[in-house]
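As you go down the protein sequences, you meet chains A and B in turn.
FYI, the numbering for the first sequence is 0 to 168, going by numbering that gives the first Met the number 0.
FYI, the numbering for the second sequence is 0 to 168, going by numbering that gives the first Met the number 0.
Take a look at the structure set out below.
Number of protein chains: 2
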Amino acid sequence: MTNGASTPGMGETLLFLTDEQVRKGIEAMFFAYRGFTADPDRILEKMDYGRAHHRAVHFIHRSPGTTVSNLLSILGVTKQSLNRVLRALIDEGLVEARVGRRDKRERHLYLTAAGAELERSLSDAQRTRMRAAYRAAGPGAVQGFRQVLEAMMDPELRKQYQKLTEGGA
Amino acid sequence: MTNGASTPGMGETLLFLTDEQVRKGIEAMFFAYRGFTADPDRILEKMDYGRAHHRAVHFIHRSPGTTVSNLLSILGVTKQSLNRVLRALIDEGLVEARVGRRDKRERHLYLTAAGAELERSLSDAQRTRMRAAYRAAGPGAVQGFRQVLEAMMDPELRKQYQKLTEGGA
DNA sequence: TTGGAATGTCAACAAGGCTGACTTAAAATC
DNA sequence: GATTTTAAGTCAGCCTTGTTGACATTCCAA
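Structure below.
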C-alpha cells in the first residue's frame, strides 16, 4: 500500500486521504496520548502510584462491585499483574474487596472513601484537559473524535467500551 | 468540579457536555490506544523489538538525518533509555548513525534498507487500521478527530507535532 | 583556553508487563 | 457424593522500558 485513497474504484465511502495525512493522524495519537496521561501521572507520582493503579481505580469507580475477572478482561492484563496493583490498593485502604454473596469465590471491588477521593482528583485533572480540548476544537469536532476512536478499537474492546458507556452517549 | 458544563455563565464557547460524556471520551482514548498499537505490537514481537524501537524507527523515518538530541526531545525519554534502543537498532543494521559534518559531536540518524523495510511494515499495519477507522467514521469525523487530539497535547508537544507535520495537513 | 553542549556508557534500580506452577475454596456437573 | 471446573491468590523468575547518578569524550564557541 502506497496511497490507497488515490486509487480509483475503492467504494462509495472513499476518503481522499494520502498516506501522509493518515500518518499525521498516527502522530497526533502519539502526542495526544502523552498529554492525555500527563496530568494524572503527576498526581500519581506524588503518591507512589502508577498508571496501572489509575486504571484499576478508574474502572472500579466506573463499575462498583465489579469482580476481579471482569476487571481482568477490561484491562487486558494477567491476574498476576493486576493482583500486584490491587493488593497495594487494598492494603493501603483505597479499595475494598467483598466476598460475593451468591458466589463466594468472587471478590467484588469497591472504592473506599479514600479511593473515591483519589479517583476524583485523577479524573478531575483528566476531564479538565479533555473539556478544554473539546472547547478548543469546537462542538462539531467532539462527535468525530469519538467516532474515529471507536472505529479504531478492536471489536472485542469495542464491545467492552460500549457496554461500559451504554445509555446516553 | 462536578458538572462544569451545566453551570450557567461559562462563556460563549460552552459545550454542553456532562462529566459522564467527557468520561466516555477518556475511556474511548484508553481503548482506542490499545487498538492503535495492537498491529505494530504483533509485528514487533516476532522480531524481538518493542514499542520503544517502533517509536525510534518511526521518527527517524519521518526526519531522516535527525540528531540524537532532537530525537530525545521528541520522544521525551532519557538519553540512557533511548541509547539502549538505538544501540540495538544500529547493531542489528536497521539504523545508521553518521557523524555530523559541521558539528562532529552530533550523530545524524538514518534508516538502512532493512530499517526502512521494518518501518514500512509497521506503518502499513498502523495506517491500514487508521484508514479503516476513518472510513467507518466518515469524512466529517476525521477533521474533528485531529482537532481534538491536537488540542489535547501539551503546548510543547504540540509545537513538535506541528513542526513535524507542517506543510499540507 | 576553558566552559559547556552533544553524545555515549556503566551501574543500579523500579514499574509493570509476562509465563509457569501451584493452592484454596466454592460452584457446577456427572 | 465424587469429580471437574472456575475464581482468586501466590511464588518465583524473566523482560522491556523507563529512571538516577556518575563519568568520559569530543568539539564548538566565547
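C-beta: ideal position from N, C-alpha, C; glycine also.
Opening and closing residue of the alpha helix (DSSP H) in which residue i lies
i: A:Val141; result: Pro138 to Met151
i: A:Arg61; result: Arg50 to Arg61
i: A:Leu163; result: Pro154 to Thr164
i: B:Leu71; result: Val67 to Leu74
C-beta neighbour in chain B for residue i, strict 9 Å
i: A:Met152; result: yes
i: A:Arg61; result: yes
i: A:Gly49; result: no
i: A:Leu156; result: yes
i: A:Val84; result: no
i: A:Tyr133; result: yes
i: A:Leu163; result: yes
Coarse secondary structure for residue i, derived from DSSP in three states
i: B:Val98; result: strand
i: A:Leu88; result: helix
i: A:Thr127; result: helix
i: A:Arg106; result: strand
i: A:Thr111; result: coil
i: A:Phe35; result: helix
i: B:Phe15; result: coil
i: B:Asp40; result: helix
i: B:Met46; result: coil
i: B:Gly64; result: coil
Cα-Cα separation between residue i and residue j, rounded to whole angstroms
i: B:Phe29; j: A:Arg157; result: 11 Å
i: A:Arg97; j: B:His107; result: 57 Å
i: B:Arg119; j: B:Tyr32; result: 20 Å
i: B:Tyr160; j: A:Glu95; result: 42 Å
i: B:Thr1; j: B:Asp38; result: Because the pLDDT of B:Thr1 is 46, which lies under 50, any placement of that residue in the model is unreliable, and the number read from its coordinates should be weighed accordingly. Their Cα atoms are separated by approximately 38 Å.
i: A:Ala115; j: A:Leu85; result: 15 Å
i: A:Arg83; j: A:Ala51; result: 10 Å
i: B:Ile89; j: A:Asn69; result: 43 Å
i: B:Gly75; j: B:Arg54; result: 11 Å
i: B:Leu141; j: A:Gly49; result: Inspection of the sequence shows that residue 141 of chain B is occupied by Val rather than by Leu. Straight-line Cα distance between these residues: approximately 32 Å.
i: B:Gly34; j: A:Thr111; result: 32 Å
i: B:Arg134; j: A:Leu16; result: 10 Å
Bounding residues of the beta strand (DSSP E) (the contiguous stretch that carries residue i)
i: B:Leu93; result: Neither: B:Leu93 is in no beta strand (DSSP E) and is coded neither H nor E.
Residue-chain proximity (residue i, chain A), Cβ-Cβ < 9 Å
i: B:Glu26; result: yes
i: B:Asn149; result: In the sequence as displayed, the identity of residue 149 of chain B is Glu instead of Asn. Yes, B:Glu149 lies at the interface with chain A (some Cβ there is under 9 Å from its Cβ).
i: B:Gly92; result: no
i: B:Thr77; result: no
i: B:Leu16; result: yes
i: B:Gly137; result: yes
i: B:Val21; result: yes
i: B:Ser80; result: no
i: B:Gly143; result: yes
Outcome for residue i when other beta-carbon atoms lying within 10 angstroms are tallied against a minimum of 16
i: A:Glu185; result: Given that chain A is displayed from residue 0 to residue 168, the structure contains no residue 185 of chain A and the question cannot be resolved.
i: B:Arg100; result: exposed
i: A:Pro63; result: exposed
i: B:Ser122; result: buried
i: A:Thr164; result: buried
i: A:Gln79; result: exposed
i: A:Arg41; result: exposed
i: A:Ala113; result: exposed
i: B:Gly92; result: exposed
i: A:Arg104; result: exposed
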